[in-house]
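**Student:** Per UniProt numbering, the sequence shown runs over residues 1 to 324.
Each residue gets a CB set at the ideal place from its N, CA and C atoms; glycine is no exception.
Fair warning: this is a prediction, and the values are worked out from it, not measured in the lab.
This structure is in C-alpha cells; I'll ask about it shortly.
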Amino acid sequence: MTTATSPDRADQRTWLPGFLLLGVIWGSSFLFIKVGVAELHPLYVTLGRVLAGVLTLLVVIVVTRDRLPRDPRLWLHLTVTGVVGTAMPFTLFGYGEERVSSSLAGIWNATTALLVLPLAVYLFRTERMTARRAVGLLIGFAGVLVVLGVWEGLGGAQFTGQLMCIAAAACYAIAIPYTKRFVSDRSESGISLAAGQLITATVALAIVAPLTVGAPPPVNDLSLKAIASILTLGAIGTGLAFVLNMRNIKIVGATTASMVTYLIPVFAVVIGVLALDEHITWHQPVGALIVLFGVAVAQGLIGPRKRVQPAPVTPATELAVERA
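This is the structure we're talking about:
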C-alpha cells in the first residue's frame, strides 16, 4: 500500500513507454527463472541474479556519483530486507517454478499487494483497516481460492509449488511495510538503498548456498541459455529495472508507478504461453483478475474515495517492491 501521490500531470509520452517496458521486464523474469532452474539449483539462480544486480547498481552509483549507505543501523535493516525481501522470495519462486509454470508463478506474484495490507495493519501498524479495505481483502482472497481451484482438490507437486509461490509473495508483503517503517524515510537515494539490500542478499546467499546444496556446477557445464537467463535476471530484471522504476516514480509518482503490479501477471502469462508453450486452466487467469479487482478495491482505485492532500514523494518509497 502506498500513500504517495504523483506530481502534476505528466505527458504520457515521457513515462508510459518506460512503464510498459518495466511490466515486460518484470513479467518476463518468471520465464528466465524457469530456464535457470532447469539447469541450476534455485539457490544458485538467486545468487547469480542478485550478484549481477548489485554489480549493475554499483556501476550506476559510480556513474551518478552516489554512494552506499554508511549508517551501521541502516545496514541491519537492509539485511532484513535483503534476506526477507530479496533472497527468500527469489529462491522460493525458483523452487516453485520447478513444480509450476512460469505463467502461474507470475499470477501468484500479483497477490503481494493483497497480502501486504493485513501485515501492514496488524503487524507493522503502518496502515489502518477500513471497511473498504476489508471488502477488498475478502474479494482478493476469494480470487486466491479460484486460482488454486479448490473444487478440484488440493495436493501434489503443483500444489506444493503454488504454496512456495504464495510464500514468496508473503515475503514481499513482509518486506514492504518493514521498509516503509524502517528504511524509506532515510536520506540516502533509492538506488543506494537498493544496492545495499542486494549486497546483504548476496552475502547471505553466498554463505547459505554452499552449506545447503554444495558447490555450484562449473560454468562450462551450463548452457549459454541458462547463463544468459541468470545474467538477464540480475542486470536487467533486478538492476536496471529498479533504475527504471525510480524514473517512473519521479515522473508520475509512486502511486501510478506501482500500477505496474497489474501488468506483471499479464505479461508473465503471455510470455510463458508464447515462449515456453505453457498451458493454463481457465480458473487461473480468472482468479488473478478477481485478486487484482480486490486489490483495486482495497487501494481505493474502485469505488468512492476520500480526497486527500498530496504528500511529497521520495525515491525510496517503493524500495521493497522488488519483482521476481
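#1: Comparing the CB of T212 with every heavy atom of the ligand NAD, is any distance shorter than 7 angstroms?
#2: Measuring alpha carbon to alpha carbon, tell me which residue in P72, L154, M259, L40 is nearest W15.
#3: Tell me the residue span of the alpha helix (DSSP H) that contains Y178.
#4: Check each candidate in L123, R99, W108 and name the one with the smallest Cα separation from Q158.
#5: Which residue wins for smallest C-alpha separation from R67, given the options G272, G190, R128?
#6: My parser needs the beta strand (DSSP E) runs of 3 or more residues fully inside the region 223 to 252; what are they?
#7: Assuming contact is defined by CB atoms lying nearer than 8 angstroms, are L43 and L276 in contact in what I supplied?
#8: How long is the line joining the alpha carbons of V321 and A194, rounded to whole angstroms?
#9: Enumerate in chain order the residues of its own chain whose CB-to-CB distance from I61 is below 8 angstroms, with the five nearest sequence positions on each side excluded.
#10: Going by CA-CA distance only, name the one from A298, G294, V270, I251 that's closest to P17.
#11: Go through its chain and collect everything with a Cβ distance to E188's Cβ below 6 angstroms, but skip five positions before and after it.
#12: Quick check on L20: buried or exposed, where buried means 16 or more other Cβ atoms within 10 Å of its Cβ?
#13: Report buried or exposed for R13, applying the criterion of at least 16 other Cβ atoms within 10 angstroms of its Cβ.
#14: Mapping the DSSP letters down to three states, classify G143 as helix, strand or coil.
**Tutor:** Working from what's here:
#1: Although the ligand NAD was asked about, the structure shown includes no ligands whatsoever.
#2: Here residue 15 is taken as the residue at index 15 of the sequence shown, counted from 1. If we check each option's Cα against that of W15, M259 comes out closest.
#3: Here residue 178 refers to the residue found at position 178 when the sequence shown is read from its first residue. Note, Y178: alpha helix (DSSP H), 156 to 182.
#4: Here residue 158 refers to the residue found at position 158 of the sequence shown. Looking at the Cα atoms, R99 is the closest of the given residues.
#5: Taking the sequence shown and counting its residues from 1, the one referred to as residue 67 is at position 67. Of G272, G190, R128, the residue nearest in Cα terms is G190.
#6: none
#7: On the sequence shown, residue 43 is found 43 positions in, with the first residue counted as 1. On the sequence shown, residue 276 is found 276 positions in, with the first residue counted as 1. Their beta carbons are not under 8 angstroms apart, which means L43 does not touch L276 by this criterion.
#8: Counting from one through the sequence shown, the residue named residue 321 turns up at place 321. Counting from one through the sequence shown, the residue named residue 194 turns up at place 194. Confidence at V321 is low in this model, with a pLDDT of 45, below 50, so the placement of that residue should be treated as unreliable; the coordinate-derived value is given next. In a straight line, the C-alpha of V321 is about 10 angstroms away from that of A194.
#9: Position 61 of the sequence shown holds residue 61. Contacts found: R67, L68, I191, S192, A195.
#10: Mapped onto the sequence shown, residue 17 falls at position 17. The candidate whose alpha carbon is nearest that of P17 is I251.
#11: In the sequence shown, counting from the first residue as 1, residue 188 sits at position 188. Hits under 6 angstroms: P69.
#12: Within the sequence shown, residue 20 is the residue found at index 20, counting from 1. Of the residues assessed, L20 falls on the exposed side of the cut-off, its CB having fewer than 16 other CB atoms within 10 angstroms.
#13: By 1-based counting over the sequence shown, the position of residue 13 is 13. By the 10 Å Cβ count, R13 comes out exposed.
#14: Here residue 143 is taken as the residue at index 143 of the sequence shown, counted from 1. In this structure, G143 counts as helix in the three-state DSSP scheme.
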